[in-house]
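Chemist: Chains as they are written, first to last, in this note's numbering: chain A, 119 to 258; chain B, 74 to 396. Where is the CB? At the ideal position from N, CA and C, for every residue including glycine.
#1: Kindly indicate which three-state DSSP category residue 159 of chain A falls into: helix, strand or coil?
#2: Would you tell me roughly how many angstroms separate the C-alpha atoms of residue 82 of chain B and residue 264 of chain B, rounded to the nearest one?
#3: Output needed for residue 384 of chain B: all residues of its chain with C-beta closer than 8 Å, excluding positions within five of it in sequence on either side, in chain order.
#4: For residue 168 of chain B, which beta-bridge partners are listed by DSSP?
#5: Any beta carbon from chain B within less than 8 Å of residue 241 of chain A's own beta carbon?
#6: What residues of chain B sit near residue 251 of chain A, judged by a beta carbon separation below 9 Å?
#7: Please list, in chain order, the chain B residues whose beta carbon lies closer than 7 Å to that of residue 233 of chain A.
#8: At the level of alpha carbons, what is the spacing between residue 301 of chain B and residue 144 of chain B?
#9: Where residue 314 of chain B and residue 325 of chain B are concerned, what is the direct C-alpha to C-alpha distance, given to the nearest angstrom?
#10: Using a Cβ-Cβ cutoff of less than 7 Å, which residues in the same chain neighbour residue 225 of chain B once the five nearest sequence positions on both sides are dropped?
#11: Can you look up residue 198 of chain B in the DSSP assignment and give me helix, strand or coil?
#12: Tell me the rounded alpha-carbon separation between residue 158 of chain A and residue 374 of chain B.
#13: Identify the residues that DSSP records as bridge partners of residue 200 of chain A: which are they?
#14: Within 8 Å (strictly less), CB to CB, does residue 282 of chain B reach chain A?
#15: Exposed or buried, which one is residue 202 of chain B when buried takes at least 16 other CB atoms within 10 Å?
#16: Over what stretch of residues does the alpha helix (DSSP H) that includes residue 120 of chain A continue unbroken?
#17: Going straight from the alpha carbon of residue 16 of chain B to that of residue 358 of chain B, what length do you get?
#18: Mind checking if residue 273 of chain B is an interface residue toward chain A, Cβ cutoff 8 Å exclusive?
#19: Which class does residue 76 of chain B belong to by DSSP, given the choice of helix, strand or coil?
#20: Using a threshold of 8 Å, state whether the C-beta atoms of residue 225 of chain A and residue 196 of chain B are closer than that.
#21: Under 7 Å between beta-carbons, which chain B residues line up against residue 259 of chain A? List them in chain order, please.
#22: Please work out which residues of its chain come closer than 7 Å, Cβ to Cβ, to residue 328 of chain B, disregarding the five sequence neighbours upstream and downstream, and give them in chain order.
#23: Measuring CA to CA, which of B/334, B/262, B/298 and B/303 is closest to residue 348 of chain B?
#24: Go through its chain and collect everything with a Cβ distance to residue 266 of chain B's Cβ below 8 Å, but skip five positions before and after it.
#25: With residue 250 of chain B as the anchor, note down where its beta strand (DSSP E) starts and where it stops.
#26: State the Cα-Cα distance for the pair residue 361 of chain B and residue 351 of chain B, rounded to the nearest angstrom.
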C-alpha cells in the first residue's frame, strides 16, 4: 500500500479514522470541547515551500473534523499550536513528545493550558494514532 | 561517570547570579546594564521588616516607585495592577524583593509591560517571541528558586486555580543573593526543576493552595513523602538516591527497600524541622480534598510526574493519606 502523503486529504482522513478506531481516545477525550489549529511553518529546504495549516475538531470523545485549512481558520480556533516543520515532523514520527516540545518552546501553545493538561492523555492518544500512520513527509 | 551517546538535553539557565553578603550593593550597576527607571516590587511584610529601606537608598534616583501590594498568593489582577503602576511611572526595569509570590508578580508584570493588555490574555505556553521587561530578583527567602526559573505561578481567581505561566522570556536577568548559603541551595533547586520540571507534589500543593490558601512551601513539604510513596514502584532507584543523599546507609538493600528508607528519612526530616504532617492540622477541611484533586489533574506539573497519574481518584487517595 502506498504511503500517505503528509498534508494530503487522504492523510487527514486516515488520521481521523485511526483516532476513531482507538479504544482509548473516547475515554480520555470525554468531556472535551474545542477545535485545534496546527500551524506549520514553511521550510523550503525540506521541500515545504509554504506554511501549512491543519484543522482538528473533537467533541466529547468524537472526531468531528480533521482537514487541511487556511491560515485564518487555523488561527481562530480554541487552541492554536505553532511551530517549525521539523518539530511537527519529529512529533508525527514519535521522536518528540508534544508536551515536552511545548515546555522547551519548540512548539507554542495559545489557549487554556490547564484545559489541555486535563486532557493530556487524549492528546497523547491522538499523536499515537498519527505516529501509527505510514506517512511520507515532503522531505522523505 | 560516562554518558550514553544517545544522550541529548537542553539546559536553560540564563540568569546572572551575584552572590555574597552585601551583594545588594551591586544593584545599581546591574540596573544600569538593563535600563534607567526601576519599580521595586515587594510586599507589606518586607516593608514592615525594614528591608525596603536599604534597597531604596541603594537605588537612589533610579527608583521610580514601589509596588508593595502583593498578597501571599499573587493573582492575575495583582500583576495587571502592578504593570499599570509601573507604566504610570515610566519604569523600564523591575526589581523584585521578596519571596515566590513577589517574584512571580514581577514576572507577570514584565509580560504586560512589554506586550500590553492583561495577564489573562496570555494563556498558553512559550507564546512569547521577544525579551520581556528586564527583571532583577533579590530573594528574601530560601526556598522558591523562582529567581532563576522560567515559570510564574499566578492565581486566576475566576477559575479558582493557580495557573503556571511557563515562558523562557520571563526568566529573570539577574539574581542577587545577599542572605546566605541556603539561598544557593534554593537557586540550584530552581535551576534543576526549571529544566527537569515538576510532578504531583507541586500539582497538589498549587491546588490545595488555590482551594484553602495553604502556603506553597508548607504544602510541598507536607506532600513530599506521600507522593514519593505513590511514585516508589515506578522509580525505586531515584528514591533510593534520596535516602543516600540524606545519609542513610543503603548498602545491601534492594532498590525498593532503599526507596522506603528514603521516604522514612524525609519523614524524619519533617519531624526534625517540626513541619506539620497532616492537612487537618493546617486548616484544610475534608470536603476541600475532592475539589483540589480535580484541580490537580489540570495543573501543568502533573504531566511530568514519574508515575503517570490516571485519574483524580488517585490524587484524592494521596490527599486523604496526607489529611
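Modeler: Result, derived from the coordinates:
#1: Position 41 of the first chain, counting from 1, holds the residue named residue 159 of chain A. The answer is strand: DSSP assigns residue 159 of chain A an E or B state.
#2: As a first step, residue 82 of chain B must be located in the second chain, where it is residue number 9. As a first step, residue 264 of chain B must be located in the second chain, where it is residue number 191. Cα-Cα distance, rounded: 14 Å.
#3: The residue you call residue 384 of chain B lines up with position 311 of the second chain. Here the set comprises 370.
#4: One-based indexing of the second chain puts residue 168 of chain B at position 95. B/113 and B/209.
#5: Translated into the one-based positions of the first chain, residue 241 of chain A becomes position 123. It does not; no Cβ of chain B falls within 8 Å.
#6: As a first step, residue 251 of chain A must be located in the first chain, where it is residue number 133. Within 9 Å Cβ-Cβ: nothing; residue 251 of chain A doesn't reach chain B, min ~24 Å.
#7: Counting from one through the first chain, the residue named residue 233 of chain A turns up at place 115. Correct list: 371.
#8: As a working note, residue 301 of chain B is residue 228 in the second chain. As a working note, residue 144 of chain B is residue 71 in the second chain. The alpha-carbon atoms of residue 301 of chain B and residue 144 of chain B are separated by roughly 31 Å.
#9: Residue mapping note: residue 314 of chain B aligns to position 241 of the second chain, counting from 1. Residue mapping note: residue 325 of chain B aligns to position 252 of the second chain, counting from 1. Each residue's Cα considered, the two are about 14 Å apart.
#10: Here residue 225 of chain B refers to the residue found at position 152 when the second chain is read from its first residue. Here the set comprises 177, 180, 181, 238 and 243.
#11: Position 125 of the second chain, counting from 1, holds the residue named residue 198 of chain B. Note: residue 198 of chain B maps to strand in three-state DSSP.
#12: On the first chain, residue 158 of chain A is found 40 positions in, with the first residue counted as 1. On the second chain, residue 374 of chain B is found 301 positions in, with the first residue counted as 1. Their Cα atoms are separated by approximately 27 Å.
#13: If you number the first chain from 1, residue 200 of chain A lands on position 82. In the DSSP output, where bridge partners are listed per residue, residue 200 of chain A has A/157 and A/226.
#14: Taking the second chain and counting its residues from 1, one reaches residue 282 of chain B at position 209. So, not an interface residue.
#15: Here residue 202 of chain B is taken as the residue at index 129 of the second chain, counted from 1. Classification of residue 202 of chain B: exposed, given that the 10 Å Cβ count is below 16.
#16: Counting from one through the first chain, the residue named residue 120 of chain A turns up at place 2. Segment: none, residue 120 of chain A is in no alpha helix (DSSP H) and carries neither H nor E.
#17: Here chain B covers residues 74 to 396 and nothing more, so residue 16 of chain B does not appear.
#18: Residue 273 of chain B sits at position 200 when you count from the first residue of the second chain. Output row for residue 273 of chain B: interface = no.
#19: The residue you call residue 76 of chain B lines up with position 3 of the second chain. Residue 76 of chain B falls in the coil class under three-state DSSP.
#20: Numbered from its first residue, the first chain carries residue 225 of chain A at position 107. Numbered from its first residue, the second chain carries residue 196 of chain B at position 123. Their beta carbons are not under 8 Å apart, which means residue 225 of chain A does not touch residue 196 of chain B by this criterion.
#21: In the structure as shown, chain A begins at 119 and stops at 258. Residue 259 of chain A is therefore absent and cannot be evaluated.
#22: Residue numbering aside, residue 328 of chain B sits at position 255 when the second chain is read from its first letter. Excluding positions up to five away in sequence, the list reads 309, 310 and 313.
#23: Locating residue 348 of chain B in the second chain gives position 275, where the first residue counts as 1. Ranking B/334, B/262, B/298 and B/303 by Cα distance to residue 348 of chain B puts B/298 first.
#24: Numbered from its first residue, the second chain carries residue 266 of chain B at position 193. The answer, listed in chain order, is 218 and 222.
#25: As a first step, residue 250 of chain B is located in the second chain; it is residue number 177 there, counting from the start. Here the beta strand (DSSP E) through residue 250 of chain B covers 247–250.
#26: The sequence position of residue 361 of chain B within the second chain is 288, counting from 1. The sequence position of residue 351 of chain B within the second chain is 278, counting from 1. Using only the alpha carbons, I get a separation of about 14 Å.
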